[in-house]
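Here is the structure we will look at, set down as structure tokens.
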Amino acid sequence: MVKVALGMMSGTSCDGVDVALLETDGENKIQFLGGLTVPYEDDLRQRLLEAAQFDVPIADLLRIERDISQCHVEAVKQLAKSAPEAYARVEIVGFHGHTVRHLPNERLTLQIGNPWLLAEELGLEVVTDYRRCDMACGGQGAPLVAMFHRALFAGEPRPTMVLNLGGVANVTWLGPKDEIIAGDTGPGCGLMDEWAQTMADLPHDRDGRLAKAGTVDR
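Counting from 81, one number per residue, gives the positions in the sequence shown under my numbering.
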């Protein structure tokens with residue numbers, strides 16, 4: 081059964097909220113209907129980075145959760161204005177939240193975000209807590225994007241390999257017999273972002289301008 085779903089993501093780069101509208105059967109049919117990114121304000125981005133790196137008081141973590149949840153609501157409202165016809169067809173919302181701890185060897189992971197606030201504000205059913213569900217089934221909770229890659233590249237020749245270059249990079253291998261192998265490969269844009277912030281006072285190296293201006297150290 082084909083449905084219109086709204087998905088939201090706040091990644092390890094802590095740059096903002098990504099929102100997308102998809103028409104999908106949940107297996108191998110995907111049609112993109114609209115999307116946007118709403119950047120986090122500098123203060124909230126810094127608080128998210130600190131929460132992922134240091135032990136912060138529970139009260140502060142709850143305040144961050146409240147603030148990013150409201151950011152997600154506002155991002156959805158912006159998307160609803162930009163794509164009203166598609167948004168009117170939304171039946172379900174996927175809400176990842178924001179990862180502040182991920183300890184796969186101990187089967188522990190924590191994403192903050194209030195799905196009940198989203199459900200109340202948006203009037204829609206919200207699905208959440210994917211990573212702990214995967215861990216309970218014996219997985220490592222990351223990466224989860226492999227199933228999306230499987231659907232997105234369903235019509236492509238196999239084998240196919242997909243690189244997802246986020247704050248932490250991961251790769252998906254799709255085999256000729258529908259095999260799936262996926263895993264994190266190590267730091268991605270996260271280290272580059274930190275260098276740009278420290279050395280150039282920029283949030284990130286947009287379009288790789290700084291990198292292209294340099295010379296390779298052989």
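Ideal Cβ placement from N, Cα and C applies to all residues, glycine included.
Using 10 angstroms around the beta-carbon of residue i, count the other beta-carbons present and answer buried if the total reaches 16, otherwise exposed.
i: Glu145; result: buried
i: Thr179; result: buried
i: Gly96; result: buried
i: Ala262; result: buried
i: Gly235; result: exposed
i: Val296; result: exposed
i: Cys213; result: exposed
i: Asn108; result: exposed
i: Thr189; result: buried
For residue i, does the three-state DSSP call read helix, strand or coil?
i: Ala222; result: coil
i: Val84; result: strand
i: Gly288; result: helix
i: Arg298; result: coil
i: Val156; result: helix
i: Phe175; result: strand
i: Pro237; result: coil
i: Pro267; result: strand
i: Ala163; result: coil
i: Pro195; result: helix
i: Ala168; result: coil
i: Phe228; result: helix
Out of the options, which has the shortest C-alpha to C-alpha gap to residue i?
i: Gly270; options: Val82, Arg298, Ser93, Ala262; result: Ser93
i: Glu103; options: Asp287, Arg289, Val84; result: Val84
i: Ser162; options: Ala199, Gly114, Glu107, Trp253; result: Gly114
i: Ala199; options: Ala216, Gly174, Glu186; result: Gly174
i: His284; options: Met81, Pro119, Gly219; result: Pro119
i: Leu86; options: Ile138, Glu107, Pro239, Arg169; result: Arg169
i: Lys157; options: Met241, Thr252, Arg289, Leu202; result: Leu202
i: Ala226; options: Pro237, Thr208, Gly255; result: Gly255
i: Asn194; options: Leu129, Gly219, Arg143; result: Arg143
i: Val99; options: Thr117, Ala234, Val82, Asp105; result: Thr117
i: Leu183; options: Gln133, Pro237, Cys151; result: Gln133
i: Phe112; options: Val153, Ala231, Leu124; result: Ala231
i: Asp264; options: Pro137, Leu224, Met81; result: Leu224
i: His176; options: Asp209, Ala139, Lys109, Gly268; result: Asp209
i: His152; options: Leu190, Leu197, Gly218; result: Leu197
i: Lys257; options: Asn244, Thr240, Lys292, Met279; result: Thr240
Mind checking who residue i pairs with in its DSSP beta bridge?
i: Asn244; result: Asn250
i: Met89; result: Asp98
i: Gln150; result: None, per the DSSP bridge assignment.
i: Ile110; result: Thr104
i: Thr117; result: Asp98
i: His182; result: Thr189
i: Ala299; result: As displayed, the chain neither begins before 81 nor continues past 298, which places residue 299 out of reach and without an answer.
i: Thr278; result: DSSP, once it has assigned bridges, lists no residue as partnering Thr278.
i: Val206; result: Val173
Counting only beta-carbon atoms, is residue i nearer than 8 Å to chain C?
i: Glu186; result: Of the chains in the structure shown, none is chain C; there is only one protein chain.
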